[in-house]
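**Q** I'd like to ask some things about the structure below.
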Amino acid sequence: MVKKEDCIEIFNAMIRGTPVSFQEKLLPMVSDFLTENNIENSDKMINLIVQNPQLVQQTLPELVDYYCRKFNILSLRQQINSSLINNFKTILYYD
1 MVKKEDCIEI FNAMIRGTPV SFQEKLLPMV SDFLTENNIE NSDKMINLIV
51 QNPQLVQQTL PELVDYYCRK FNILSLRQQI NSSLINNFKT ILYYD
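Quick note: the sequence shown uses the working numbering, first residue 1, plus one each step.
What follows is the structure in structure tokens.
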């Protein structure tokens, strides 16, 4: 089971560009997400992701959104370009 502290650690590592263990951190997060949301054929999806770990990159935005809502994880965002609307970059996740 994924914990709030694990999510914060993983999300902040991704922001910093620090490697995150696929087997120990990302795979359990994806598996829990699929199970909690009753996704059809989740076992087949997990097998596909295990065979092609790069696929987890495509699910990260949805995972971040889901776990931030689930655990009420907050984030600090910085505006990148003031002339563009909604041009923000997350710089920290916290409890």
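A virtual CB, placed ideally from N, CA and C, is assigned to each residue, including glycine.
Here's a check: name, in chain order, each residue in its chain whose Cβ is nearer than 7 Å to the Cβ of Phe11, leaving out the five neighbours to either side.
**A** As a working note, residue 11 is residue 11 in the sequence shown. So the list reads Val64 and Tyr93, once near-sequence residues are dropped.
**Q** Determine the closest residue to Leu48 out of Ile8, Thr18 and Ser31, with distance taken between C-alpha atoms.
**A** Residue mapping note: residue 48 aligns to position 48 of the sequence shown, counting from 1. Leu48 has its Cα closest to that of Ser31, out of Ile8, Thr18 and Ser31.
**Q** Just the C-alpha distance for Gln79 and Thr90, rounded to the nearest angstrom, thanks.
**A** Counting from 1 along the sequence shown, the entry for residue 79 is found at position 79. Counting from 1 along the sequence shown, the entry for residue 90 is found at position 90. Using only the alpha carbons, I get a separation of about 9 Å.
**Q** Just confirm the distance between the C-beta atoms of Leu34 and Ser42, as a whole number of angstroms; I'd bet it's less than 8 Å.
**A** For the purposes of this step, residue 34 is taken as the residue at position 34 of the sequence shown. For the purposes of this step, residue 42 is taken as the residue at position 42 of the sequence shown. Confirmed, about 4 Å.
**Q** On the CB-based measure, 16 or more other CB atoms within 10 Å of its CB, does Met1 come out buried or exposed?
**A** The sequence position of residue 1 within the sequence shown is 1, counting from 1. Exposed, because fewer than 16 other Cβ atoms sit within 10 Å of the Cβ of Met1.
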